[in-house]
Structures are given as structure tokens and as C-alpha cells.
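Residue numbering for the sequence shown follows the UniProt record's numbering, beginning at 1 and increasing consecutively.
We treat Cβ as the ideally placed atom computed from N, Cα and C, and that holds for glycine.
Computed from a predicted structure; not experimentally measured.
Working notes for the structure below.
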Amino acid sequence: MKKWLLAAIATSALLAGCNDNSQSKEPEVPTIVEVDIQTPDKAPVETLTLKSKVTQGDKNIEDADVQFEFWESGMKDQGQMLDGEHKGDGVYEATVDVEHAGVYYMFAHTTAQGMHVMPKQEIIIGEPDMSKVLPEDDNQHDSMDMNMDEETK
């Protein structure tokens with residue numbers, strides 16, 4: 001009987017010691033990684049520099065993985081992926097040769113601090129004949145969007 005009583009007291013003390021009241025603390029929410037696209041939204045027909053700045057709070061992120069996806073409106077399947085080169089101070093760049101006027105788009109696919117951010121920007125190159133510009137299919141998803149849609153179904 002004494003052994004059972006001693007075992008019960010020891011078990012209670014052990015369980016009480018393991019409770020650190022962590023349930024009462026609010027979980028720490030990480031600061032969001034932000035990507036500021038610095039590519040102009042209008043440019044001449046020439047080599048274009050795709051550029052973005054990656055920050056978290058007031059800190060520049062120097063070790064992000066940045067890939068620029070670039071395509072002409074209505075032709076996303078013919079687009080290209082360009083690796084962003086780190087230039088310092090959280091800035092990443094890639095260059096692309098643009099051969100004719102048109103409406104173009106880019107995603108700045110950015111992975112940093114365990115987060116993935118992909119802002120999109122429209123870029124008007126030269127003075128395109130808008131009657132000849134193919135419309136952008138807003139229902140087109142890149143592979144990441146499709147995976148997210150399938151998971152939520």
C-alpha cells in the first residue's frame with residue numbers, strides 16, 4: 001500500500017514538473033517576407049532588368065532563392081524562368097532580351113525564411129498595338145497555385 005501511495009505521489013510530482021504553462025503563451029508569429037518588385041511597369045524594347053528587393057521587417061534578406069518567371073500576355077506556356085542573381089542589400093536581378101513591343105508579365109518567385117512569396121507585375125514594353133495583344137488568362141495557374149487548389153478541394 002505504501003508503495004502504491006509513493007508511486008502515485010511520484011507520478012503526480014513528475015507530471016506537474018513537466019507542465020511549463022506553454023499552452024498559455026501566444027505562439028510567436030514570424031514577420032512576413034516581403035518582395036518589392038523594382039522593375040518599371042513601362043520600358044522600351046531592349047534588354048530588360050527584372051529586379052526585386054527581399055526584406056523581412058527592416059532586415060534585407062541576403063540568402064533568398066529568387067526566380068523570375070517572364071512571359072508575354074496570353075503566352076504563359078512559352079514563358080521562361082530566370083534565376084535571380086543577388087546584387088547586395090536584399091536586391092536580386094535577372095536580365096531578359098525583349099524583341100518586340102507588347103504586354104508582358106513577371107512573377108518574382110521568392111523563397112526565404114521558410115516562406116514562399118510570388119508577387120506578379122504587368123510590364124508594358126514599347127508601344128504595343130493593344131488590338132493585337134492576346135488577353136492574359138487569369139484562370140491559368142502556375143503549378144504552385146494548382147497544388148494549393150487541389151489541397152483545398
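Item: As assigned by DSSP and simplified to three states, the class of Asp83; Value: strand
Item: Inter-stretch contact (C-beta, 8 angstroms, three-pair minimum) for the stretch 115-127 and the stretch 79-86; Value: no
Item: Cβ-based burial, Lys130 [other Cβ within 10 Å; buried from 16]; Value: For clarity, residue 130 is Met in the given sequence; the question names Lys instead. So Met130 counts as exposed.
Item: Three CB pairs or more closer than 8 angstroms across the stretch 70-78 and the stretch 30-43; Value: no
Item: Closest by C-alpha distance to Lys120, when choosing among Glu34, Glu26, Gly90; Value: Glu34
Item: Option in Val45, Thr49, Gly57 with minimal Cα separation from Val29; Value: Gly57
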